Amino acid sequence: MVRRLYSNKNTNQSAYGQYVSELPRSILAILTNVPFVLITLASVTEGSVLIPAGVTGTLIGGALVSKLDLTVRAMLKVCCATSVISWLCIWIFILHCPNPQFFHGAIRSSNRIVDFTSECNKNCHCEATMLDPICSVENVVYASPCFAGCVTKEIMPHPDDPSWDLQVYKNCSCVPTPLGAPMDETVYDFDATREKCSTNCNLLVYYMVVMFICVFFSSFSAAPIITVMIRCVEEKERAVAFAVKWVSVRLLGNMPAPMLLGSVIDGSCLLWQEVCQGRGACLLYHNEYLAQSMLEFLVPVKTGSVILFFAALITMSDEE
324 MVRRLYSNKN TNQSAYGQYV SELPRSILAI LTNVPFVLIT LASVTEGSVL IPAGVTGTLI
384 GGALVSKLDL TVRAMLKVCC ATSVISWLCI WIFILHCPNP QFFHGAIRSS NRIVDFTSEC
444 NKNCHCEATM LDPICSVENV VYASPCFAGC VTKEIMPHPD DPSWDLQVYK NCSCVPTPLG
504 APMDETVYDF DATREKCSTN CNLLVYYMVV MFICVFFSSF SAAPIITVMI RCVEEKERAV
564 AFAVKWVSVR LLGNMPAPML LGSVIDGSCL LWQEVCQGRG ACLLYHNEYL AQSMLEFLVP
624 VKTGSVILFF AALITMSDEE
């Protein structure tokens, strides 16, 4: 079925909207307007992926609609194209940095249990819910100085920048000396430092670029969507149509999306902080599970958005 568009011409609305009794009829007419419903559902799925629209994409999208005087079908094609581009961007989550190398294989990936206890620290009575990581000279992460079996803490000038102080730990029973030999005092006179262990994973720049593209094209279609929605309902029903649209976006998109996304992120937590009031913030995430969970959540949502935009294009005509 191809839906007819409505323009501002020859529309008699002098007696429309004056009675509350007309509201059910208007809502029914709007909810049976196939292009309007499809575009509204597409907006819901768009909002659940990237709630804050990019200002740049919105402005450029609005300027494109204004300057090029696009037809309704042309604007829907723009929406379809931008939704496909943002769908492709979601696959960046295939790439992820590995979890840092914790001492003694602390992360059991099969059941997501974190265990920092070993023979060298079992008598230290360390608090498992207090993550206070330090980095050994072998670039291995220890959950805390206690789990590293460290006895001494000192402050010394940073080797790379003497103007900065560096907190170091000595006499750590869990930090092995290289090749079983005594540690060279001229190179290392400590076992671990209060610094982040170095990593060869440099995906942050790629993530930032891809997410910028995703936000840009997701917001690029904002102006075309609004313009198409104005044109696919009768003028006398537009106020009610926009009310239905935004209620749908709030109830089906903006409200549940943060809760669902938060649940996805929390499900990848390996270690929770324990506070007096109960569970606190997540102290350690499993990067692989987090990336996988984000894909499992975002790909179906964005796929639904793409399908709905193309369905709206199929049901729309340029008749005025």
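Numbering (my numbering), first residue to last: 324 to 643.
The beta carbon of each residue, even a glycine, is placed where N, CA and C say it ideally should be.
Values in this document were obtained by computation on a predicted structure and should not be read as measured data.
Point to revise | Residues near leucine 502 in its chain [Cβ-Cβ closer than 8 Å; skip 5 each side] | key: Low confidence applies here, because leucine 502 scores a pLDDT of 44, under 50, leaving its location unreliable; read the following figure in that light. Contacts found: none.
Practice item. List the endpoints of the continuous alpha helix (DSSP H) containing tryptophan 569. Key: 561–572
Check your understanding: Among Phe470, His448, Leu526 and Asn446, which has the Cα closest to the Cα of isoleucine 415?
Key -> Leu526
Point to revise | Residues near glycine 428 in its chain [Cβ-Cβ closer than 6 Å; skip 5 each side] | key: Note that glycine 428 scores a pLDDT of 47, beneath 50, so its modelled location is shaky and nothing firm can be said.
Review point. Where alanine 564 and isoleucine 350 are concerned, what is the direct C-alpha to C-alpha distance, given to the nearest angstrom?
Key: 8 Å
Check your understanding: Smallest Cα separation from phenylalanine 470: which of Cys599, Thr381 and Lys445?
Key -> Lys445
Review point. Where does cysteine 420 sit, in a helix, a strand or coil, going by DSSP?
Key: coil
Practice item. Compare the beta carbon distance of threonine 394 and alanine 546 with 8 Å and say whether it is the shorter of the two. Key: no
Review point. Between which two residues does the beta strand (DSSP E) containing arginine 602 stretch?
Key: 601–608
**Study point:** Beta-carbon gap between leucine 594 and leucine 606 smaller than 8 Å
**Key:** yes
Point to revise | Chain-order list of residues whose beta-carbon lies under 8 Å from that of valine 629 (same chain, five-residue window excluded) | key: Cys403, Ser406, Val407 and Trp410
Review point. Which one of Asp514, Ser496 and Val357 has the shortest CA to CA distance from leucine 636?
Key: Val357
Check your understanding: In chain order, what residues of the same chain have a beta carbon less than 6 Å from the beta carbon of histidine 481, not counting five sequence neighbours either side?
Key -> Trp487 and Leu489
Check your understanding: From what residue to what residue does the beta strand (DSSP E) around tryptophan 595 run?
Key -> 592–598
Review point. Got a sec? Which residues, its chain only, sit under 7 Å from cysteine 495 by beta carbon, not counting five neighbours each side?
Key: Ala471, Gly472, Cys473, Asp514 and Ala515
Practice item. Work out the CA separation of methionine 531 and cysteine 477 for me, nearest whole Å. Key: Residue identity check: residue 477 is glutamate in the sequence provided, not cysteine. Between glutamate 477 and methionine 531, the C-alpha separation is close to 38 Å.
Review point. Taking just the CA atoms, how far does glutamine 600 sit from histidine 448?
Key: 23 Å
Exercise for review: Could you say which of Gly585, Ser571, Asn610 and Leu584 lies nearest to leucine 354 if we only look at CA atoms?
Suggested key: Ser571
Check your understanding: Could you give the distance in angstroms between the alpha-carbon of aspartate 455 and the alpha-carbon of valine 598?
Key -> 15 Å
Practice item. Starting from threonine 516, follow its DSSP beta bridges and name the residues at the other end. Key: Cys458 and Val491
Check your understanding: Between Val538, Pro347, Phe633 and Gly385, which lies nearest to threonine 550 when the distance is taken from Cα to Cα?
Key -> Gly385
Point to revise | Residues that phenylalanine 425 bridges to, as DSSP identifies them | key: Val464
Review point. Name the DSSP beta bridge partners of isoleucine 383, please?
Key: Answer by DSSP bridge pairing: none, since isoleucine 383 is not bridged.
Review point. Taking the alpha helix (DSSP H) that methionine 479 falls in, what are its first and last residues?
Key: Run containing methionine 479: none in the alpha helix (DSSP H); it sits in the beta strand (DSSP E), 475–480.
Check your understanding: By DSSP, does methionine 578 sit in helix, in strand, or in coil?
Key -> coil
Point to revise | Beta-carbon proximity of cysteine 497 to cysteine 537, cut-off 8 Å | key: no
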